[in-house]
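Colleague: Take a look at this one; I'll ask things after.
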Amino acid sequence: MKKVLLLATGGTIASTQGPDGLEPQPAPSELLHALEEFRRWYQIDYRPILNLDSSNIQAEEWQLIARAVYQELSHYDGIVITHGTDTMAYTASMLSFMLQNLDKPVVLTGSQIPITSRLSDARSNLATALAAVEQDVYGVSIAFNHKLIRGCRAVKVRTMSFDAFESVNSPERGDILASGIRLAPEGAPLLQQGGTKLCDALCNDVFLLKLIPGTNPKIFDTLLNMQYKGVVLEAFGAGGLHFIRRDLSEKIKQLVDNGVAVVVCSQCLYEPSDCSIYEVGRRMLATGIIQSCDMTTEAAVTKLMWALGQTRELAEIRRIFATNYAGEISC
Ligand code: ASP
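Numbering that gives the first Met the number 0 numbers the first residue of the sequence shown as 0 and each following residue consecutively.
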């Protein structure tokens, strides 16, 4: 029987209706009851470590979760983390970077409807997460709607439907069919010798800016004054920005010259960006920005926070961005 630790952090899965809307509970009886049923197949320990709607999960909580996983990893075959869905993709991405060379399954799951409701998707999502541990799907994954998604490739794409997450620019790791669990061939970086390492330093001074036609270039002066150390720019299409009338590239160069790491990704959800294709991209490339290729915005933001926790050298951050740590980038 596989030994699993369930770390609970809150989210809809553990919520009940309060006077001000859905509120998470540390140990709802329906969740404990569901775990009791799963104990026919798994040895499960339950530990609530946070009790938050995931909109409240930030850098401090990522560190707390990563440390809890790291401390317990050697005692279990895998760890399931219940978590709100709204920021689950950010947490999954960040854990993918903080838990380097992760050689056991760490599976995040949650639900769109609280486990207290008879229509809830919670039990089947928990079943998928536990099946991933049973199958030794190592690394960080999200289990949701009968699918297994690599943590650093997941994006929440739907607010209400059960099919809330997609695996972007990378195949799903597996799915559940009538015939059982079907796993895709492993495409992630191979594990290194030496076991899992905890690298939980990060920098919270990262800003995400989505360009719109006519963005006022002065916004970059404000970011510099606010002492941001990193900026992720969601540019247009394959990687463009405007330079007529409102020249954004000149301001981006000022940021880079002042030691700010500027990472560019696309506003398009699918396929890689490449700033070298168009003049409007090459102007940006000339400023010294770092390309993020086919990474999700969630992965680019968390990787930049994590990279700035390791170093402030722009050359080193560029090297980190070109390195595939957990399957987050494929070009
Ligand atoms: N607001 C909730 C959360 O992210 C949504 C959910 O769990 O589905 O905590």
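Glycine residues also receive a C-beta, built at the ideal position from the N, C-alpha and C atoms.
When we look at the beta-carbon of residue 156 and count the other beta-carbons within 10 Å, is it buried (16 or more) or exposed?
Modeller: Classification for residue 156: exposed.
Colleague: Can you give me the C-alpha to C-alpha distance between residue 242 and residue 215, rounded to a whole angstrom?
Modeller: Distance between the alpha carbons of residue 242 and residue 215: 11 Å.
Colleague: Closer than 6 Å to a non-hydrogen atom of ligand 1 - does that hold for the CB of residue 179?
Modeller: Every heavy atom of ligand 1 is 6 Å or more from the Cβ of residue 179, so no.
Colleague: Looking only at its chain, what residues have a beta carbon closer than 7 Å to the beta carbon of residue 257, apart from the 5 residues adjacent to it on each side?
Modeller: 223
Colleague: Excluding sequence positions up to five away, which residues of its chain have a Cβ less than 7 Å from the Cβ of residue 75?
Modeller: 2, 3, 4
Colleague: Within the same chain, show all residues whose beta-carbon is closer than 7 Å to that of residue 209, passing over the 5 residues directly before and after it, in chain order.
Modeller: 233, 266
Colleague: On the criterion of 16 or more Cβ atoms from any shown chain inside 10 Å, does residue 119 qualify as buried, or is it exposed?
Modeller: buried
Colleague: Using only CA atoms, which one of 282, 275, 312, 226 lies nearest to residue 247?
Modeller: 282
Colleague: Please decide whether residue 264 counts as near chain C, where near means a Cβ-Cβ distance under 7 Å.
Modeller: The displayed structure is made up of one protein chain only, and chain C is not part of it.
Colleague: Hey, how far is the Cα of residue 170 from the Cα of residue 16?
Modeller: One C-alpha to the other measures close to 36 Å.
Colleague: Go to residue 45, then tell me how far its beta strand (DSSP E) extends in each direction, as first and last residue.
Modeller: 41-51
Colleague: Going by beta carbon distance, what residues of the same chain come within less than 7 Å of residue 166, once the five residues before and after it are set aside?
Modeller: 148, 149, 152, 153
Colleague: Mapping DSSP to helix, strand and coil, what is residue 178?
Modeller: coil
Colleague: Does the distance from the CB of residue 123 to the CB of residue 172 come in under 7 Å?
Modeller: Their beta carbons are not under 7 Å apart, which means residue 123 does not touch residue 172 by this criterion.
Colleague: If you reduce the DSSP assignment to three classes, tell me which class residue 149 lands in.
Modeller: Assignment of residue 149 by DSSP, reduced to helix, strand and coil, places it in the strand class.
Colleague: Give every residue of the same chain whose Cβ lies closer than 7 Å to the Cβ of residue 101, excluding the five residues on either side of it in the sequence, and list them in chain order.
Modeller: 137, 138, 139, 195
Colleague: Tell me the rounded alpha-carbon separation between residue 160 and residue 314.
Modeller: 42 Å
Colleague: Which residue wins for smallest C-alpha separation from residue 190, given the options 250, 81, 99?
Modeller: 99
Colleague: What does a CB cutoff of less than 6 Å around residue 239 pick up in its chain, not counting 5 residues either side in sequence?
Modeller: 277, 279, 280
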